[in-house]
Amino acid sequence: MKLLEDKIMAEGLALSDSVLKVDSFINHQVDPVLMQEIGRDFAEHFKDAGITKVLTIESSGIAPAVSAAFFLGVPMIILKKQTSKILNENFIQTNITSFTKGTSYELTLSANYVGKGDTVLIIDDFLANGEAAMGAIRLATKAGAKIAGVGILIEKSFQKGRQRILDAGYDVYSQARVAKLGEGLIEFVREDD
Ligand code: 5GP
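For the sequence shown, our numbering begins at 10 and goes up steadily by one.
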């Protein structure tokens, strides 16, 4: 998606050969116009997949996921990283290791909101090793839902996440695919790669 690639080139900051900072438009400050276009693009890509719910992981996935859900005309569900006291029954959990923080957490979904008969689209901001996306797939599957696919804003194609999801038999659509990062360097995967 050219609009997202242009924004990454203009404002993204490669902190190392593996971490890209996009705090000015995705992770801290959020660009609502960009989010609208991102949501429209996901909805267009997955329009024939029979999606009934969009799932995302708090917190950076929420803005693009709500936009995609809006254009698909379905609800959006936030998978929680922390269990609140009011979410204390009928919930499903799975353990995730965070790529950026190196810690692990229990990802939680209330079975009240996803179940048999649902076809879900999973959206996240980044795809690195695929831990978060595979965890979201496990949760939705445990709830009885079908997986339509995984929608990612920024895929780091030099990490193993994409292959892991494909090997598990799921569709991945990434709007921007980063081939290489380095200090002051951001390179995208070319279409013919
Ligand atoms: P994975 O679970 O695929 O290993 O990592 C994806 C998760 O880690 C995303 O939900 C995202 O929050 C975080 N993440 C991974 N790589 C990056 C990165 O380069 N920059 C930022 N800002 N977050 C990342």
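Glycine residues also receive a C-beta, built at the ideal position from the N, C-alpha and C atoms.
Classification of residue i by the beta-carbon crowding that lies within 10 angstroms, buried from 16 upward
i, result
"P41", "exposed"
"M143", "buried"
"D50", "buried"
"S107", "exposed"
"K110", "exposed"
"E68", "Before going further, note that residue 68 is Ser rather than Glu in the sequence given. Classification for S68: exposed."
"G191", "exposed"
"M18", "exposed"
"Q3", "Because the chain here runs from 10 to 202, residue 3 falls outside it and cannot be looked at."
"E164", "buried"
"T65", "buried"
"S166", "buried"
"K56", "exposed"
Counterpart residues of residue i in DSSP-defined beta bridges
i, result
"F55", "The partner list for F55 (beta bridge, DSSP) is empty, contrary to what the question assumes."
"E164", "L136 and R186"
"E196", "K189"
"G158", "L130"
"K30", "L22"
"V181", "V159"
**Prompt:** Do the region 118–135 and the region 156–171 make contact, defined as three or more Cβ pairs closer than 8 Å?
**Reply:** yes
**Item:** Completely contained beta strand (DSSP E) runs for the region 55–138, where each covers 3 or more residues
**Value:** 62–66, 85–88, 100–106, 113–119 and 128–136
**Prompt:** At a cut of 8 Å, does the region 77–88 reach the region 52–63 through at least three beta carbon pairs?
**Reply:** yes
**Request:** Pair every Cβ in the region 179–199 with every Cβ in the region 12–23, then say whether three or more of these pairs are closer than 8 Å.
**Result:** yes
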